[in-house]
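Working notes, beginning with the structure itself.
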Amino acid sequence: MTNQARKLCITSRDERLVRLMIAWLDKSYMSARFLSHRIENSSLYRSLMRLTLLKSQATRDLRQAIDTPYPLFMNPKPPQNNEDIELMSGLVSNDKELINKGKVLVKNLESDHLAHKVSYWVAALQMEVEATHLTVKRLK
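So in my numbering, the last one in the sequence shown is 142, and the numbering has no gaps at all.
Here it is in structure tokens:
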């Protein structure tokens with residue numbers, strides 16, 4: 003197999019890792035959706051909507067990158083607090099965990115194409131999470 007073909011070949015291991023990333027994104031997306039009905043601060047709400055949109059786009063793009071569009075199933079836990087800043091702080095810390103998992107996952111992918119796609123969305127999510135973190139920090 004040539005180097006070019008190897009880079010485009012999606013192994014079952016790579017597919018499983020990408021499906022795991024999709025599951026993490028879906029879980030994080032659902033947690034953010036739970037929060038959207040509780041956030042009253044307009045700045046935090048806009049940040050939450052940007053994060054939600056980004057996670058949705060990343061999930062859609064990664065599902066198209068592999069032929070199996072079904073993620074592994076993970077149940078999100080609904081948030082327990084009702085205070086906006088605490089809720090968003092929790093979401094930001096969960097998203098930072100997701101980013102770290104994504105970075106580790108990228109190192110384990112054999113397909114350069116999939117590694118590039120996943121790292122692109124991890125970087126985009128990291129920028130949006132940092133912006134949200136700054137908004138939360140400013141409002142504290």
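Every residue gets a Cβ at the ideal spot worked out from N, C-alpha and C, and that includes glycine. Since we're looking at a predicted model, the values are computed, not measured.
Boundaries (first-last residue) of the alpha helix (DSSP H) holding residue i
i	result
S33	S14 to S38
N110	D86 to N110
E132	D114 to L141
Minimum C-alpha distance to residue i - residue among the options
i	options	result
D97	E132, R140 and Q59	E132
R65	M32, R40 and W123	W123
G104	E112, A125, I12 and I87	A125
R18	I68, E85, K119 and S91	I68
L116	Y47, I87, D63 and L141	D63
K139	S91, V120 and L53	S91
R35	R21, L53, L22 and V20	L53
Rounded C-alpha distance that separates residue i from residue j
i	j	result
M129	Q59	15 Å
H135	H118	25 Å
I24	I87	27 Å
S33	T137	19 Å
E42	S113	43 Å
E85	L22	31 Å
C11	K142	48 Å
L55	N102	20 Å
Contact under 9 Å by Cβ, residue i with residue j
i	j	result
L93	S45	no
R40	L100	no
K57	L37	no
N110	R15	yes
V106	V20	no
Neighbour-count burial assignment, residue i, 16 or more Cβ in a 10 Å radius
i	result
V108	buried
L127	buried
T13	exposed
S95	exposed
L50	buried
P80	Here the model assigns P80 a pLDDT of 47, short of 50, so the residue's position is not dependable, and the following value carries that caveat. Looking at its Cβ environment, which holds fewer than 16 other Cβ atoms inside 10 Å, P80 is exposed.
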